[in-house]
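Here the structure comes first, spelled out in structure tokens, and everything after it is commentary.
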Amino acid sequence: MLEELNVPILGLSECSGFMSTDVNDYDKLLEKAYSELPEKRVAKERLEIPLPEIMIQGNKTIIKNFEAITNKLRRAPRHVGKYLAKELATSFVLEGGKLVLNSKLNDRIINDKLKSYMDIYLYCPQCKLPDTRLEEVERGIFVMVCEACGARSSVPKV
Ligand SMILES: [Zn+2]
388 MLEELNVPIL
398 GLSECSGFMS
408 TDVNDYDKLL
418 EKAYSELPEK
428 RVAKERLEIP
438 LPEIMIQGNK
448 TIIKNFEAIT
458 NKLRRAPRHV
468 GKYLAKELAT
478 SFVLEGGKLV
488 LNSKLNDRII
498 NDKLKSYMDI
508 YLYCPQCKLP
518 DTRLEEVERG
528 IFVMVCEACG
538 ARSSVPKV
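Add 387 to a position in the sequence shown, counting from 1, and you land on the number used in my numbering.
Right, dumping it as structure tokens:
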């Protein structure tokens, strides 16, 4: 799951080069690696979501790379689309990997809403990591299950 998100498992790449050194050196190197880690670690854990490519066409706003975004988020395009449309007070269609919103919207508001989607439906409220999935417990009712810390959190219905 971690690989899918392109979030490298902590320290793996740093450690792989140390395997051939003796144990004491390894410990020292590991200590050093960890002491240098905090900042790096935060950066790695942040999910790299592609910036939405937004296009206005008549009275419609199209997110061209919507599928790439939802793939990264590991969320159903329909779920994300429904949330965005609701928040932006419009309706939507999914069209060949694109999201078509039936009104003219600016980039900033779409980015904001995408971020709030992630805050609500992606990041675990317990450990703050994005390694979560939504589990449908009843039709349209989801709980967020965290693969990192195991927390189950209720999320609002879209
Ligand atoms: Zn968690």
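The beta carbon of each residue, even a glycine, is placed where N, CA and C say it ideally should be.
Computed from a prediction, not measured in an experiment: that's the story for all the values here.
### Task
Out of I441, N446 and R462, point me to the one whose CA is closest to R520's CA.
For the purposes of this step, residue 520 is identified with residue 133 of the sequence shown, where counting begins at 1. Minimum Cα distance to R520 is reached at R462.
### Task
Measuring alpha carbon to alpha carbon, tell me which of G537, K447 and P517 ends up nearest S478.
Residue numbering aside, residue 478 sits at position 91 when the sequence shown is read from its first letter. It is K447.
### Query
Count the other CB atoms within 10 Å of the CB of L438; is the residue buried (16 or more) or exposed (fewer)?
The residue you call residue 438 lines up with position 51 of the sequence shown. With fewer than 16 other Cβ atoms within 10 Å, it is exposed.
### Query
Taking the alpha helix (DSSP H) that I497 falls in, what are its first and last residues?
Position 110 of the sequence shown holds residue 497. D494 to Y508 is the span of the alpha helix (DSSP H), which, as asked, contains I497.
### Query
Quick one, are the C-beta atoms of P512 and L434 less than 7 Å apart?
For this step, residue 512 is matched to residue 125 along the sequence shown. For this step, residue 434 is matched to residue 47 along the sequence shown. For the 7 Å CB-CB criterion, P512 and L434 do not form a contact.
### Query
In angstroms, rounded to a whole number, what distance separates the CA positions of S541 and I436?
Sequence index remark: in the sequence shown, residue 541 carries index 154 (1-based). Sequence index remark: in the sequence shown, residue 436 carries index 49 (1-based). Each residue's Cα considered, the two are about 24 Å apart.
### Cβ neighbour criterion (16 or more within 10 Å) applied to V467
Here the question's residue 467 lines up with position 80 in the sequence shown. Taking every protein chain shown into account, the CB of V467 has 16 or more other CB atoms within 10 angstroms, so this residue is buried.
### Task
Would you kindly check if the distance between the Cβ of I450 and the Cβ of L509 is under 7 Å?
For the purposes of this step, residue 509 is identified with residue 122 of the sequence shown, where counting begins at 1. For the purposes of this step, residue 450 is identified with residue 63 of the sequence shown, where counting begins at 1. No. Outside cutoff.
### Task
Following the continuous alpha helix (DSSP H) through E474, name the residue where it begins and the one where it ends.
Stepping through the sequence shown from its first residue, residue 474 is reached at position 87. Where E474 is concerned, the enclosing alpha helix (DSSP H) stretches over P464 to E474.
### Task
Please determine, among K544, M442 and D412, the residue with the shortest C-alpha to C-alpha distance to K491.
One-based indexing of the sequence shown puts residue 491 at position 104. Per the Cα distances, M442.
### Query
Near ligand 1, which residues have their beta-carbon less than 6 Å from any of its heavy atoms, given in chain order?
With the criterion CB distance below 6 Å from any heavy atom of ligand 1, the matching residues run C511, Q513, C514, L516, C533, A535, C536 and A538 along the chain.
### Query
What residue does the alpha helix (DSSP H) around I450 start on, and which one ends it?
Sequence index remark: in the sequence shown, residue 450 carries index 63 (1-based). Per DSSP, I450 belongs to no alpha helix (DSSP H); it is in the beta strand (DSSP E), K447 to I450.
### Message
Spatial neighbours of T457 within its chain, please: C-beta separation below 6 Å, excluding the five flanking residues on both sides.
### Response
Here the question's residue 457 lines up with position 70 in the sequence shown. Cβ neighbours of T457 beyond the five flanking positions: P464 and V467.
#### Entry: Counterpart residues of S345 in DSSP-defined beta bridges
Shown here, the chain extends from 388 to 545; a query on residue 345 therefore has no answer.
### Message
Closest to L475 by C-alpha separation, out of K544, L481 and L488, would be which residue?
### Response
Position 88 of the sequence shown, counted from the start, is the residue given in the question as residue 475. Nearest C-alpha to L475: L488.
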